[in-house]
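S.K.: Top to bottom, those sequences are chains A, B, C and D.
Here the working numbering is used: the first residue of the first sequence is 1, the next is one more, and so on.
Here the working numbering is used: the first residue of the second sequence is 1001, the next is one more, and so on.
Here the working numbering is used: the first residue of the third sequence is 2001, the next is one more, and so on.
Here the working numbering is used: the first residue of the fourth sequence is 3001, the next is one more, and so on.
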Amino acid sequence: MLAISKLSIRSGSQELVRSLSLELQDGEWLGLAGESGSGKSLTAAAIGGLLPRPLSCSGSILWNGLELLRLDAKSRRRLLGSEISYVFQDYRNTFTPFLTIGSQLTELLEAHLSLAARDRRQRCLEELEQAGLPAERVFGSYPYQLSGGQLQRAAIAAALLLRPKLLIADEPTTALDSLSSRKVLGLLDAAKSRFGISIIWITHDLRHARRHADRIAVMRTGSIVETGSARQVLEHPAHPYSRRLIASIPPLRREMPERLAASAGLEGEDPLDHPR
Amino acid sequence: MTIHDNAPLLTVRNVRKNYGGKAVLHDVSFELKKGECLGIVGESGSGKSTLARCLLTLSGWDEGEIAFRGEPLAKASRAKLMQVRPQMGAVFQNPAASLNPRLRIIDSLLEPLDQRRGFRPAILDGVPPGREAAAAALLELVRLPASTMGSYPHELSGGQKQRIAIARAISSAPAFLVLDEPTASLDMTTQAAVLDLLKDLRKELSLSCLFISHDLAAVHFMSDETMVMRNGHIVDRFRNNELFDDVRHDYTKLLLEVFQE
Amino acid sequence: MNTTMRNAGMLIAAAAAVALFSIPSPTPWNPYEISMGERLLPPGTEHWLGTDHLGRDLLARIIAGARPTIGIGLAVLLVSIAIGVPLGLLSGMKGGRTDSIFKPIIDGFMTFPDYLSAIILSALLGPGLMSMLIAVIAVKWVRYARLARSVALAEKEKDYAAMALLSGLSPVRLVLKHILPHAMGHVAALAAADLGKIILLMASLSYLGLGSQPPAPEWGSMLSEGRAYFHAAPHLMLAPGLAVMAAVLLAGFAGNRLRDRYDVKLKGGAE
Amino acid sequence: MAASIARKVLRLLVFLLGLTFLSFCLLKLVPGDPVRGILRVDEMAATQDQMGGIRKELGLDLPLYRQYGIWLSQLLKLDLGSSYLSGRPVAAEFAEKLPNTLALAAGSLLVMLLVSLPLGALAARHRNRWLDRMSRYMSAAVSSMPSFWLGLLLIDLFAVRLQLLPPMGSEGIASLILPSATLGLSMAALYVGLIRSSLIESGSQEFILSARARGIHPFRIFVRHQLRHSLVPLLTLLGESLASLLGGTVVIETLFNYPGIGKWIVDAVSARDYPVIMGYVLFAALFILLVNRSTEAACRLANPELARKELRHS
């Protein structure tokens, strides 16, 4: 469904993503894992043509045979929000602060469909309900009146409103506390099983990957170092960097390892820790 | 000053703190013993960082008592506080804010030692005199090259800055360390490296510490005993291997489930 | 704007500042010498910028006027900083009751715009150099108090301040070692730009007859004097006006440069 | 609610009382004698007797607090006293001159907005391109000029050389153009940069990206999300510019010999015309407070979140 090939993203002479290739199947949940500077968020932004202006990209991103990198503005707009939608990390700023959640959801519907005002409202309320939110209240609320977890769930409701085929979730739980994170990932799971949408899930923490992701791609400094089924990558990581990333998660077992890095057999090696 | 080895370093009794008309700490009580690492786990807003600032005498509280080596701190004079504070060490969450951006690393690193002239901690035994030698030795302790001392904070990564904060905190041989989310703003692999470092240092220097984190797994990795905080209350507390017992508080079980996935 | 240009701006500003207070006037003319035979001469080879209504050499007067104009501006600036910064730091660091006294005062002053307050204060105090200085200082100190207060409020919450206290620094030492130097960076950037604004403000007050009085060769009062002869001898207004403009521009340049440098250092340096 | 309004009104009254009393003290304690000014106007040789007589007549021989008390009690009867210079009631003279100043202020505001809004928006849109650079250099140059000097340049060009516009006075709309242009331009120079940076800042907000990711039309995003986000800083700017307009009019009215309250106060200062000065102080304070309150109210309307923040802080 989505085929990225030889994607490069550069800022001036600096290559931030290097000749990256990646494929996504229908109804698949792909975990794109990596640390800061790995280029995972840039790759995600490139799919929707949302890269900041000074960055340029080359290569090809095919969406059901359509070349996304050479799409005119109008067709891209038609695609975004309806076929491909996003959820971002910074839930505080996902919604415009001085407009109600409801008016922003209806704005999204208006942009893509022609519906009667009452139907629009009904549709939004249903979607908020689905996201486990008190629909009427959230609909009339300004973003600042909601908690972080509620905002992120409202953002997911917005992303799912038009039943997209692909949802790109860029660190959707990083800024949330662990209990809210769980609810948010649960919502994505439900959307996947109910509508069969594909999900690209960007994360720096592989902790929940086993439960949610079908496939995992590990990125480092602009390239994918390893891809494979979630189970294969998590249990038998082939690349040393994947091994290190997995070993970095403190295990919750009765018998604790003395050291984290040591358990991956990577004692002497320095972690990737570069100044910004 | 001789202290009985088993006497607690820190005694917290029924501490309560209000903020904006709401209690952010309810009736918090615990003890920290020498050589022990006590973990505090809780979500944001649970009051764990507020508690840390109270323990460090950086902010006041409304009821109850916090005593350091048996000495009550609630009504301590400013002079008393200035005498007590250097015996506590702290590492905070945000490495970007933990170093004065205008000072070279060596000056930030040695601030505690510069402040107490004539004092030489045991970790510097056998190190030649002079500031540079001391800085190099401290940097080595946290696995950083001596050349780092000439840099400014903005030239370093978050992990490096956090290591410097750790070196600085242990430089004056404090009675205990408060580690308030020391890894939360670091990348995963850096996080692991810092956790490993802290664990090594704990063993090498037999540090006493309070390890505060939202991450149950990290707390479990670091500490001997763990307290679970929620809405300003301590809802559960257990020795390390008791975490998996069935008698745990529901909230603890929930956290365990989340972090075990 | 590129870096070389910014550096050039800084250099010119620095050179101008040094020249201002060290080099004696390079023209052979005395800025005070009246010569009624040479009134209102246009710019020429002998008097490069011409002469004023009393036959005094304009170039000599501009050069002689630089010192009082910029010097007074600097003095006003320094006094404002010396009043504002300590009060602002005190208010921000102490917080609580102290702050609840200072904050409304600062906010109250800030609601009144520079020009209006300075004009009204000069009006209340009566015309004259001294009352103009007091008026301008009264208007300006509060900006530095506010800046220092907000820096103190922000910095004292930062972890490094907490760590400094844990190292055994007294609150006073904390301010002197960590917070004051931090505030002074911001203050310097604001001050450089403010110097220009102060010069403009004083020129306007002098023009209104509220500031320095003739025969001082201060640029503002020169402009005020020249106005009567505006049609006959426009150069009388042109030259001091351009001088004011150049001084303000240079000060602005220096301010931008200082601010950029400062920002780069704090934000972690893209350069 | 009612209590908080009452508290606000009370605070306002205390503030005005303090301000006027302080102004009164300053005015009286500083050397300078209005009587000489009055007599000079009358072109008489002043004797001690005459001066004493006038002083008594004006109540200037009374102790300071009594003088203030008299001024205050008159104020309660909405009487600001009479000008020493013209002998006419201050309020009447004020009412006569205020419309002129308001016309000038309105004209200047118009010029300022017409210049700075489009220029700031264009500079933000084409940032770091030639248009942006030009606008930055030009505003740096203009904002470095004393406003009266800019006015003189404009007079020289349009009134003297091209003879298109009257240089002075207040006859009709034409005579309003030069003063408004002068004040408007010198203020616009400051605001172009501020408008530019506030638009750039709002454009880089995460929620703008989110709206793009939802496929909303860019024009709609600009108007509904970005512009509205800039509205709060822009409204604050507008409030500030209204307040500083009042200061600017003083200089410009003097330059153009324009019969507004700005020129009036300057004349009053040199004659130490106390009632006029006090009247002006009172007006200026009320005007600024009014502008600030309305700005705050407008900002709260533009961004409901602000209203909540204030509630929490108070």
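Quick reminder that beta carbons are idealized off the backbone N, C-alpha and C, glycines included.
Got a sec: is the Cβ-Cβ distance from P271(A) to anything in chain D below 7 Å?
M.R.: Interpretation of P271(A) is limited by its pLDDT of 49, a score under 50 that renders its predicted location unreliable; the figure taken from the coordinates is listed afterwards. For P271(A), the answer is no, since every Cβ of chain D falls outside 7 Å of its Cβ.
S.K.: Are the stretch 2090-2105 of chain C and the stretch 2146-2157 of chain C touching by the rule of at least three beta carbon pairs closer than 8 Å?
M.R.: yes
S.K.: Please work out which residues of its chain come closer than 8 Å, Cβ to Cβ, to L1141(B), disregarding the five sequence neighbours upstream and downstream, and give them in chain order.
M.R.: I1123, A1167, I1170, L1201
S.K.: Check this for me: beta carbons of A175(A) and R153(A), under 7 Å apart or not?
M.R.: no
S.K.: Please state whether DSSP places D1125(B) in a helix, a strand or coil.
M.R.: It is coil, neither helix nor strand.
S.K.: With DSSP as the reference, identify every bridge partner of I84(A), one or two as the case may be.
M.R.: By DSSP's assignment, I84(A) forms a beta bridge with L80(A), L166(A).
S.K.: Applying a beta-carbon distance threshold of less than 7 Å, which residues of chain A neighbour P3304(D)?
M.R.: F98, Y142
S.K.: Use the C-beta contact count for H3316(D): other C-beta atoms within 10 angstroms, 16 or more gives buried, fewer gives exposed.
M.R.: Chain D is shown only over 3001 to 3314; residue 3316(D) falls outside these bounds and no answer can be derived.
S.K.: Please determine, among L2208(C), F2230(C), W2141(C), L2174(C), the residue with the shortest C-alpha to C-alpha distance to F2109(C).
M.R.: W2141(C)
S.K.: Please give me, in chain order, every unbroken run of the beta strand (DSSP E) with length at least 3 that falls completely inside the stretch 3152-3206 of chain D.
M.R.: The qualifying runs do not exist here; there are none.
S.K.: Distance check for V3281(D) and G3262(D), CA to CA, integer angstroms please.
M.R.: 12 Å
S.K.: Between which two residues does the alpha helix (DSSP H) carrying F3015(D) extend?
M.R.: 3002-3029
S.K.: From M3211(D) to I200(A), what distance separates their C-alpha atoms?
M.R.: As written in the sequence, residue 3211(D) is Ala, which differs from the Met given in the question. Each residue's alpha carbon lies about 19 Å from the other.
S.K.: Please classify D3273(D): is it buried, with 16 or more other beta-carbons within 10 angstroms of its beta-carbon, or exposed?
M.R.: buried
S.K.: Under 9 Å Cβ-Cβ, which residues of chain D neighbour M2245(C)?
M.R.: Annotation: Cβ neighbours of M2245(C) in chain D (cutoff 9 Å, chain order): A3141, S3144, M3145, P3146, W3149.
S.K.: Which bits of chain A does F1259(B) rub up against, with CB to CB less than 8 Å?
M.R.: S178, R207, L252
S.K.: Contact criterion: CB-CB distance below 7 Å. Does G3215(D) meet it with respect to chain A?
M.R.: yes
S.K.: Ignore the nearest five residues each way along the sequence and tell me which others in H1299(B)'s own chain have a CB closer than 6 Å to its CB.
M.R.: Only positions 1001 to 1261 of chain B appear in this structure, which leaves residue 1299(B) out of reach.
S.K.: Under 7 Å, Cβ to Cβ, is there at least one residue of chain B near S2224(C)?
M.R.: Interface criterion not met: the Cβ of S2224(C) is under 7 Å from no Cβ in chain B.
S.K.: Is the CB-CB distance between S3139(D) and A3189(D) below 7 Å?
M.R.: yes
S.K.: Could you tell me the boundaries of the alpha helix (DSSP H) in which E23(A) lies?
M.R.: It is not in any alpha helix (DSSP H) - E23(A) instead sits in the beta strand (DSSP E) that spans 14-24.
S.K.: Do we get a CB-CB distance below 7 Å when we pair G268(A) with the residues of chain B?
M.R.: Model confidence at G268(A) stands at a pLDDT of 44, short of 50, so the residue's coordinates are unreliable and nothing is read from them.
S.K.: Would you mind telling me which residues of chain C sit closer than 7 Å to I3252(D), beta carbon to beta carbon, in chain order?
M.R.: Those within 7 Å of I3252(D) in chain C number zero; the least Cβ separation is about 10 Å.
S.K.: Confirm, please, whether the CB-CB distance from D2114(C) to L2236(C) is below 7 Å.
M.R.: no
S.K.: Do you know how far the Cα of S3073(D) is from the Cα of S3270(D)?
M.R.: 26 Å
S.K.: Can A3285(D) and L3102(D) be called in contact, C-beta distance under 7 Å?
M.R.: no
S.K.: If contact means a Cβ-Cβ distance below 7 Å, which residues of the stretch 184-201 of chain A contact chain B?
M.R.: none
S.K.: Is the CB-CB distance between G81(A) and R3220(D) below 7 Å?
M.R.: The answer is no: Cβ separation not under 7 Å.
S.K.: Select from R121(A), L69(A), Y144(A), L108(A) the residue whose C-alpha is nearest the C-alpha of P3218(D).
M.R.: L108(A)
S.K.: If the cut is a Cβ gap below 8 Å, which residues of chain D does T94(A) touch?
M.R.: E3206, F3207, S3210
S.K.: Can you tell me which residues form a DSSP beta bridge with T227(A)?
M.R.: A217(A)
S.K.: From L1177(B) to L1207(B), what does the alpha carbon distance come to, in whole angstroms?
M.R.: Straight-line Cα distance between these residues: approximately 7 Å.
S.K.: Using C-beta distances below 7 Å, list every residue in its chain close to L185(A), excluding the 5 sequence neighbours before and after it, in chain order.
M.R.: T173, H208, H212
S.K.: Tell me, please, which residues DSSP counts as bridged to T2051(C).
M.R.: D2057(C)
S.K.: Quick one: does G3247(D) have its CB under 7 Å from some CB of chain C?
M.R.: yes
S.K.: Closer than 8 Å by beta-carbon distance: list the chain D residues that pair up with S2204(C), in chain order.
M.R.: P3146, S3147, F3148, V3251
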